[in-house]
Each structure stands twice: as structure tokens, then as C-alpha cells.
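Remarks on the structure that follows.
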Amino acid sequence: QDDRTAPGDKPVQRSKSFSFNTQKELCSSCEKTVYPMERLVADKLVFHTSCFCCKHCNAKLSLGSYAALQGEFYCKPHFQQLFKSKGNYDEGFGRRQHKELWASKEAEGVTKTP
Numbered sequence: 325q326d327d328r329t330a331p332g333d334k335p336v337q338r339s340k341s342f343s344f345n346t347q348k349e350l351c352s353s354c355e356k357t358v359y360p361m362e363r364l365v366a367d368k369l370v371f372h373t374s375c376f377c378c379k380h381c382n383a384k385l386s387l388g389s390y391a392a393l394q395g396e397f398y399c400k401p402h403f404q405q406l407f408k409s410k411g412n413y414d415e416g417f418g419r420r421q422h423k424e425l426w427a428s429k430e431a432e433g434v435t436k437t438p
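Encoded structure:
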């Protein structure tokens with residue numbers, strides 16, 4: 325007889341409120357099963373910690389060292405290098421850039437000289 329039950333008692337019942345997550349989660353990168361110890365969630369996508377890498381240089385990323393754009397993940401240096409906005413206020417307001425004006429003045433200066 326089981327030592328945990330006294331004669332006449334019912335067997336010990338486990339709480340049903342605790343259950344294991346039976347739905348398998350797949351890594352968004354490699355599409356293999358992700359187990360809880362290796363699970364990482366970024367932008368509502370699940371990854372293995374080893375699969376969470378920069379799209380440009382393939383460096384391993386962490387939750388504090390990544391930037392995302394349109395579902396792609398990058399290390400912060402490459403994100404800035406690839407996507408940092410390079411412009412000025414003139415472009416935003418529909419005016420010609422000053423450097424275009426300089427280029428046209430330089431071209432005029434070159435044509436005027438004999």
C-alpha cells in the first residue's frame with residue numbers, strides 16, 4: 325500500500341490549476357520547437373536565444389541590444405548605419421537642398437572662367 329495514504333483515505337489528488345503548456349512554440353527564425361529555458365520574446369515573436377541575431381552581421385542579440393524594423397532585427401550599430409535618417413529641414417518642407425544650390429553656383433563659376 326502507498327505510504328502517502330492512510331487506510332480508507334482517497335489517494336492524493338494534484339491541483340488541476342497547474343498545467344504544462346502543451347502548445348509547442350516555434351522559433352520565428354529556425355521554426356523549431358522552443359523550450360522555456362531557451363525562450364526569448366521580441367516584438368511578440370518567439371526565438372531561441374541563439375537564433376536571435378542581427379540580419380546584417382549575424383551577431384547574437386539580446387533584448388537590450390536590438391532594433392527592429394518591419395519584422396527584421398538588427399544590432400544597434402547596423403540599424404543606425406543602415407536606416408538613420410540623413411536629411412535636413414529644407415527637404416522636409418519641399419525646398420531644394422542648399423548643397424544643390426552650391427553645386428549649381430560652382431558649375432556656373434566653372435563655365436564662366438576662360
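In the numbering used here, each residue carries its 1-based index in the sequence shown increased by 324.
In this text, a Cβ means the ideal position worked out from N, Cα and C, and glycines have one as well.
Notebook entry, point to check: Beta carbon of C378, beta carbon of Y390: below 9 angstroms?
Noted result: yes
Next item on the list: Could you check if C351 is buried or exposed, using at least 16 other CB atoms within 10 Å of its CB as the buried criterion?
Entry: buried
Next item on the list: Could you tell me the boundaries of the beta strand (DSSP E) in which F371 lies?
Entry: 369 to 372
Next item on the list: Output the distance between the C-alpha atoms of T373 and A383, rounded to the nearest integer angstrom.
Entry: 12 angstroms
Note to self: I need the DSSP call for F397, collapsed to helix, strand or coil.
What the structure shows: strand
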